[in-house]
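Numbering (the working numbering), first residue to last: 535 to 798.
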């Protein structure tokens with residue numbers, strides 16, 4: 535079966551198959567110019583699905599809709615395109631959640647000395663399942679070995695992948711795959727929403743939060759208690775409160791993933 539050309543896809547997507555010859559030629563020139571600008575010296579069929587979708591549904595959308603589509607169908611086409619892009623974003627969000635779940639599972643300590651033998655065995659099987667889902671080449675610990683030295687799935691994976699005697703040169707690990715997948719989806723999300731990820735902001739946020747002890751802000755005196763403090767103590771408490779506000783600022787930033795900026 536013959537592969538669709540970029541012109542076939544654009545004409546079908548924007549329903550311009552019945553445009554006159556002159557209009558089609560103008561569209562072809564526009565597509566060729568934009569494609570060369572976005573992906574210079576690249577063959578359309580060699581591009582990934584992500585790259586093709588970005589070009590078709592985002593890069594050329596505005597001009598195609600406004601300059602070349604029939605007015606009576608323009609709204610319907612825009613809704614169809616927006617719906618497709620939205621579904622792609624939902625899939626992106628789903629993949630992120632799945633990835634976060636896997637990270638939580640990798641860092642989970644499945645062993646609890648107070649569990650019954652039956653529960654310990656269930657958790658051991660779950661541990662093995664998580665290890666295999668992340669990297670199928672990691673040797674699984676024996677049950678009794680795990681009981682004596684209970685490690686997290688992540689510990690077993692890292693121990694295996696950092697072993698100089700283990701030749702992983704021919705293996706593409708799940709961690710490598712996840713990294714590439716997340717980066718690709720992140721790039722697409724940013725392009726779809728005209729955003730840029732501020733990695734320095736992430737670093738700043740994490741550096742601050744990891745230096746704050748968990749119990750740093752457990753207690754604050756109320757207004758009545760503050761009056762019982764002497765002047766120096768009040769000043770110290772106000773400084774602490776300022777630090778608390780900074781802590782809450784970065785904590786909220788992390789919980790909301792507030793690391794994106796408008797690219798426009």
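Think of the CB as a built atom: it goes at the ideal place given N, C-alpha and C, for glycine as much as any other residue.
**Q.** residue 542, DSSP secondary structure in three states
**A.** helix
Q. Under 8 Å, do residue 743 and residue 784 count as touching if we go by C-beta distance?
A. yes
Q. Taking the Cβ atom as the reference point for each residue, do residue 592 and residue 544 lie within a distance shorter than 8 Å?
A. no
Q. How do the region 686-693 and the region 638-645 stand: do at least 3 beta-carbon pairs fall below 8 Å, yes or no?
A. yes
Q: Could you check how far apart the C-beta atoms of residue 795 and residue 729 are, in whole angstroms? I think they sit under 8 Å.
A: 7 Å
Q) Which of the three DSSP states, helix, strand or coil, is assigned to residue 661? A) If DSSP states are grouped into helix, strand and coil, residue 661 belongs with the helices.
**Q.** Proximity to residue 560 [Cα-Cα], best of 538, 546 and 597
**A.** 597
Q.
Just to confirm the assignment, what range does the beta strand (DSSP E) spanning residue 731 have?
A. Per DSSP, residue 731 belongs to the beta strand (DSSP E) from 729-731.
Q) Since residue 736 contacts residue 793 with CB under 8 Å, what's their CB separation in whole angstroms? A) 5 Å
Q) To the nearest angstrom, how far is it from the Cα of residue 541 to the Cα of residue 595? A) For residue 541 and residue 595, the distance between alpha carbons rounds to 14 Å.
Q. Any beta-carbon of chain C closer than 8 Å to the one on residue 580?
A. As a matter of chain content, chain C is missing from the structure shown, which is built from one protein chain.
(Q) Measuring alpha carbon to alpha carbon, tell me which residue in 587, 669 and 620 is nearest residue 696. (A) 669
Q) Leaving out five residues before and five after residue 625 in sequence, what residues of the same chain have Cβ atoms less than 6 Å from its Cβ? A) none
Q) Where residue 705 and residue 606 are concerned, what is the direct C-alpha to C-alpha distance, given to the nearest angstrom? A) Low per-residue confidence applies at residue 705: pLDDT is 46, beneath 50, and the placement is therefore not dependable enough to give any value.
Q: Give the DSSP bridge partners of residue 795, in chain order.
A: 730
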